[in-house]
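In terms of the numbering used here, the sequence shown opens at residue 3 and continues consecutively. Built from N, CA and C at the ideal position, the CB exists for glycine as well. Predicted, not measured: the structure shown is a model, and the values here were computed from it. Notes follow once the structure below has been shown.
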Amino acid sequence: MLVNATEMLQKARDGHYAVGQFNINNLEWTKAALQAAQEMNSPIILGVSEGAGKYMTGFKTVAAMVKAMIDTLGITVPVALHLDHGSYEGAKACVEAGFSSIMFDGSHYAIDENVAKTTELVALAHENGLSIEAEVGSIGGEEDGVVGMGEIADAAECARIASLGIDFLAAGIGNIHGVYPSNWKGLDFDALEKIHNATDHIPLVLHGGTGIPDDMIKKAISLGVSKINVNTECQLAFAKATREYIEAGKDQQGKGFDPRKLLAPGAEAIKNTVKEKMELFGSVGKA
Ligand code: G3H
Ligand code: ZN
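Have a look at this one:
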């Protein structure tokens with residue numbers, strides 16, 4: 003069932019668990035994530051970056067595919083279709099295309115401009131029944147062309163953005179997109195606690211979910227993180243399983259080159275990764 007992400011994240015915050023956002027890239031990715039959610043009886047958020055949206059020939063194609071798949075696979079758990087790190091224009095396009103949730107990433111603007119654009123998009127999202135995420139500070143590293151310097155979010159700026167009526171807030175707390183470097187200092191829990199307290203306990207979003215140690219994930223959830231974004235980890239699992247299939251020569255046996263066979267181990271690996279994360283985040287059985 004396609005829903006916005008407001009209620010599922012409020013329940014997660016109140017129940018001290020987090021809902022995973024898993025980014026999708028194609029049909030196999032989407033199917034694997036949806037099946038994992040249904041089998042785990044867990045809510046799920048499907049994230050779509052602007053780059054992945056273009057790759058799938060546009061947000062309208064993505065929305066149509068996700069809606070049809072929810073229907074034909076008989077997915078009854080709550081599913082939100084969410085724009086990830088959206089631009090102002092991208093956010094508007096996703097409202098029009100039929101997404102159920104958007105992120106406006108105005109973190110690279112000065113705070114006043116972030117406030118102005120976020121305010122406008124909150125009204126547009128809510129008029130159309132969508133939930134909306136905003137960002138303060140920045141996530142280090144790079145994801146699909148979105149580059150961040152990893153500034154720790156200022157609690158007062160977080161409070162200002164949270165007061166605009168957004169439904170959940172992404173705050174930079176030392177998290178990084180992609181694989182964490184060996185000299186990574188870890189999450190800044192002091193900053194997280196300040197932000198949690200300054201924002202009237204709005205559901206918080208932890209980006210860069212790949213490779214964060216389990217104990218840090220649990221501590222972050224205890225300090226108000228209710229949504230955790232995972233992208234790279236599914237890509238790595240997909241690539242590893244596909245490589246093993248080809249290196250074992252399975253594409254050369256029988257009809258092993260058929261894409262429906264060739265892509266199956268990667269899809270299974272994504273499904274397993276999503277399920278492991280749902281266990282870790284505590285969302286299993288919470289649909
Ligand atoms: O917005 C999506 C994410 O923050 C995913 O980050 O690729 O490091 O898991 P990741
Ligand atoms: Zn992110």
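- Residue range Thr234 to Glu249 is occupied by the alpha helix (DSSP H) that includes Phe240.
- Under the three-state reduction of DSSP, Asn274 is assigned to helix.
- Segment contact: the segment 151-170 against the segment 195-202, three or more CB-CB distances shorter than 8 Å; contact assigned.
- Around the beta-carbon of Met280, 16 or more other beta-carbon atoms lie within 10 Å, marking it buried.
- Assigned with DSSP and collapsed to three states, Glu144 falls in strand.
- The nearest non-hydrogen atom of the ligand ZN is less than 6 Å from the C-beta of Ile141.
- For Asp86, the enclosing beta strand (DSSP E) begins and ends at Val81 to Gly88.
- Taking each of Ala241, His209, Leu189 and Gly210 in turn and checking the Cα distance to Lys221, the smallest one comes out for Leu189.
- Under DSSP, Ala172 takes part in a beta bridge, and its partners are Glu137 and Val207.
- If you check the C-beta of His179 against the ligand G3H, you find a heavy atom less than 6 Å away.
- Exposed is the label assigned to Thr74, since fewer than 16 other Cβ atoms lie within 10 Å of its Cβ.
- In this structure, the CA atom of Ala95 is about 22 Å from the CA atom of Asn231.
- For Phe61, no beta strand (DSSP E) segment is defined; the enclosing uninterrupted segment is the alpha helix (DSSP H) at Phe61 to Thr74.
- Annotation for His209 indicates a beta carbon within 6 Å of some heavy atom of the ligand G3H.
- In the structure shown, the three-state DSSP call for Val50 is strand.
- The beta carbon of Glu144 sits closer than 8 Å to those of Gly150, His179 and Gly180, all from its chain and outside the five residues before and after it, given in chain order.
- The Cβ neighbour count for Gln255, taken over all protein chains shown within 10 Å, is under 16; the residue is labelled exposed.
- For Asn25, the pairing in a beta bridge is given by DSSP as Gly49.
- Under DSSP, Phe106 forms a beta bridge with Gly88 and Ala136.
- Beyond the five residues adjoining it in sequence on each side, Asn116 comes within less than 6 Å, by CB distance, of Gly108 in the same chain, given in chain order.
- Ala239 and Glu278 have their C-alpha atoms spaced approximately 12 Å apart.
- At least 7 Å separates the beta-carbon of Val124 from that of Ile163.
- Per DSSP, Asp16 is one residue of the alpha helix (DSSP H) stretching across Thr8 to Gly17.
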